[in-house]
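> Residue numbers (the numbering used here): -8 to 736.
1) Please classify residue 427 as buried or exposed, where buried requires at least 16 other C-beta atoms within 10 Å of its C-beta.
2) Which of the three DSSP states, helix, strand or coil, is assigned to residue 426?
3) Measuring CB to CB, does residue 333 end up less than 9 Å from residue 284?
4) Per DSSP, what kind of secondary structure is residue 542 in: helix, strand or coil?
5) Please name the residue in 297, 501, 23 and 231 whose C-alpha comes closest to that of residue 192.
6) Could you tell me which of 308, 227 and 21 sits nearest to residue -8, measuring between CA atoms?
7) Among residues of its own chain, excluding the 5 on either side of residue 361, which ones have a beta-carbon nearer than 8 Å to its beta-carbon?
8) In whole angstroms, give me the CA-to-CA distance for residue 10 and residue 73.
9) Is it a yes or a no for the stretch 372 to 386 touching the stretch 254 to 270, going by three-plus beta-carbon pairs under 8 Å?
10) What's the gap between the Cα of residue 458 and the Cα of residue 592?
11) May I ask you to list the residues that DSSP assigns as paired with residue -2?
12) Start and end of the beta strand (DSSP E) containing residue 59?
13) Between residue 669 and residue 473, what straight-line distance do the alpha-carbon atoms span, to the nearest angstrom?
14) Buried or exposed for residue 183, please, with buried defined as at least 16 other CB atoms from any protein chain shown within 10 angstroms of its CB.
15) Do three or more CB pairs link the stretch 41 to 59 to the stretch 224 to 238 at distances below 8 Å?
16) Tell me the start and end of each unbroken beta strand (DSSP E) in the stretch 4 to 29 that is at least 3 residues and wholly inside, in chain order.
17) Taking DSSP as the reference, what is the three-state secondary structure of residue 634?
18) Please report the distance separating the alpha-carbon of residue 113 from that of residue 211.
19) If the criterion is Cβ atoms closer than 9 Å, does the pair residue 44 and residue 66 meet it?
20) Could you tell me the alpha carbon to alpha carbon distance between residue 247 and residue 161, rounded to whole angstroms?
21) Taking the CB atoms as reference points, tell me whether residue 222 and residue 347 lie closer together than 9 Å.
22) Count the other CB atoms, across all protein chains shown, that sit within 10 Å of the CB of residue 707; report buried if there are 16 or more and exposed otherwise.
23) With DSSP as the reference, please indicate the residues paired to residue 239 in a beta bridge.
24) List the whole-angstrom C-beta distance separating residue 49 from residue 238, where the pair is believed to meet the contact cut-off of C-beta under 8 Å.
25) Helix, strand or coil for residue 80? Go by DSSP, reduced to three states.
26) With residue 387 and residue 423 assumed to form a contact (beta carbons below 8 Å), what rounded beta-carbon distance in angstroms separates them?
27) Among residues of its own chain, excluding the 5 on either side of residue 336, which ones have a beta-carbon nearer than 6 Å to its beta-carbon?
28) Would you please state the rounded distance, in angstroms, between the beta carbons of residue 242 and residue 63? I believe it to be under 8 Å.
29) From residue 418 to residue 572, what does the alpha carbon distance come to, in whole angstroms?
30) Look up residue 201 in the DSSP assignment and give the residues it is bridged to.
31) Going by Cα to Cα distance, which pick from 662, 433, 376 and 136 is closest to residue 312?
32) For residue 559, which of helix, strand or coil comes out of DSSP?
33) Measure the alpha-carbon distance for residue 389 versus residue 514 and round it to whole angstroms.
34) With a threshold of 16 other CB atoms inside 10 Å of the CB of residue 597, please say whether the residue is buried or exposed.
35) Which residues does DSSP pair with residue 411 in a beta bridge?
36) Give a yes or no on contact between the stretch 562 to 570 and the stretch 503 to 510, applying the rule of three or more CB pairs nearer than 8 Å.
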């Protein structure tokens, strides 16, 4: 009976090759792999023709899906290739790591006294030990003079051609490190290794003669020198349990760099995949791919660039005593030859090539929760593929298929699955939506978390929205919810949310919150026909909230500080735009009457006074004479200059056209400024500057030209407009001849 321990670097292509070579040499009759035992029933899917890595085993607690862990696999992962080898050769494959029923038990909060005691331990000795045990490869690479741990591992173990000798060297290396590193009281690690030893003992009792164990290199010494079974059983006794479910999910290249169930990741999955697919490449293929990336981004790269980059990579490898160039050498040659030293261009290589944009695929029929299955079906139906990297999606909501895509994305946002985020879309009305899509495998967890609310996305959304509506106790909360729900087309959920909004609005005296609730309803009321939304309920709630705002707004603008005044100033402008958008004469008239009341309240904030005066002037509710009188009153000699400056800001902010074209308003402001003494002028100039800050450079130039013209002495203006009639009549005969008005001349 023989036991072979193959210590590997998770997701290492060289380790994969060494494992396959070792398996061919050893010819085992069972393969034991560091992995969750609950995942063994899922291994049969590995051989399916539609299973395309990168993929991951997702394990989660059904009652608390956020308690989850991923076990990613890609085509160059040693574990993946060991599993495939076992399936192809009909050899039993088992996972022997700590069972997830124990691992995913939620830990109880630590005792404060324990935390305090831990903090009193010597700080100097703990970090180095922790760092070494957490990433022993970095420790060895630093000793060897390498800045990059993966670079050292790649040259030391990935590129060698003697697999059994490699695994022996790894075992000796890790044994020496663990012997000379102070022991760390890591109970989880001890339990994991005890379970691995139990898996080995089980295989030995079952009389398997040749056993191969594929595990992380760090664990090899703990499996080679096994303590007694009694000690391990004592360690594993009475561990807490929880229920666990597993499923396969697609994974992405960029997520391979994250720590996972194995507690390891790789920084260059695209490079590792290249090494796996092109093990004999001397750099020509890789650097040709680099050139293709640059060309795709409109950067000219010639064949000569590639040839020189290959030569430089080999020269660097020779100078460093390496058998062949690695990623570091290729990056340096690419930066020097193709990028002319520009580090920014290297970001393209890192994103598109070193990390890569690959996304996995799982076969149909793979065990899934119903909600996840419905999500996959809808993605296929609408041709929306969850994939890594950012993607811009433009939708025309007048097209049925685009409308359904928008509805799906909005419903996912309701469930907390933020696959897409809406962006500003150019175009008329709300018929167009631009989405920025970026998929992350963690979205699956969020989707599974909502599985309890329904078996389809529509049902789950409706049930979840109704639940959330009942939990809202403030109008601001329900307003945020309604903004998500309305574009999602959830009739049942909308009715409950609108009813709850009406209840909260009836008990809310905060005018600002009422205004916040009003604005999203306007968008739906105006453009609801695009999404086929039932508008009756929306219009009823909208009008109810509006008249509550109209009753409360005038008094809400009094007795407030500058910050509150600025807030109401913005909200009044938004309300005015919303009323104009509705194009409802009754609401428009009621709105003008409401803000006219504000103008008549003496102690209302000056910035609001100026704002409503401008709005009333624009709507022709006040004629130009009344507007000029209100302006003159605000800027009269008896008014506080600071009050006047704030009033001007409310009237003129974002309204440069008024200053440029309205001479009456111009003269009022000009005369007022002329009356200010130097001290008062210096006091109000910051306020005036704030009013003009938003103007464009063209608008500022026109205002400056008008101001310059306005400084001309009136006497000079009078002289320039005085005409000498006698001299002018003397010009007329000559002018007539030039213009052909005098015949025969």
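From the three backbone atoms N, C-alpha and C, an ideal C-beta is built for every residue, glycine too. In this text, all values refer to a predicted model and were calculated from it rather than measured experimentally.
By the coordinates alone:
1) exposed
2) Per DSSP, reduced to three states, the secondary structure at residue 426 is strand.
3) no
4) Residue state, collapsed to three classes: helix.
5) 23
6) 21
7) 442, 446 and 447
8) So the alpha carbons of these two residues sit roughly 7 Å apart.
9) no
10) Answer to the nearest angstrom: the Cα atoms are 44 Å apart.
11) 206
12) 55 to 64
13) Those two C-alpha atoms are separated by around 53 Å.
14) So residue 183 ends up on the buried side.
15) yes
16) 21 to 24
17) helix
18) In this predicted model, residue 113 has a pLDDT of only 40, less than 50, meaning its place in the structure is not dependable; the value taken from the coordinates is given anyway. So the two alpha carbons sit approximately 30 Å from each other.
19) yes
20) When rounded, the distance between both Cα atoms is 23 Å.
21) No, the pair does not count as a contact, with Cβ atoms beyond the cut-off.
22) Here residue 707 scores only 39 on pLDDT, less than 50, and its place in the model should not be relied on; the value that follows carries that caveat. Result: exposed.
23) 48
24) 5 Å
25) coil
26) 6 Å
27) Cβ neighbours of residue 336 beyond the five flanking positions: 330.
28) 5 Å
29) In this predicted model, residue 418 has a pLDDT of only 47, less than 50, meaning its place in the structure is not dependable enough to derive any value.
30) -7
31) 136
32) helix
33) 16 Å
34) It counts as buried.
35) 428
36) Cβ pair count under 8 Å is three or more, so yes.
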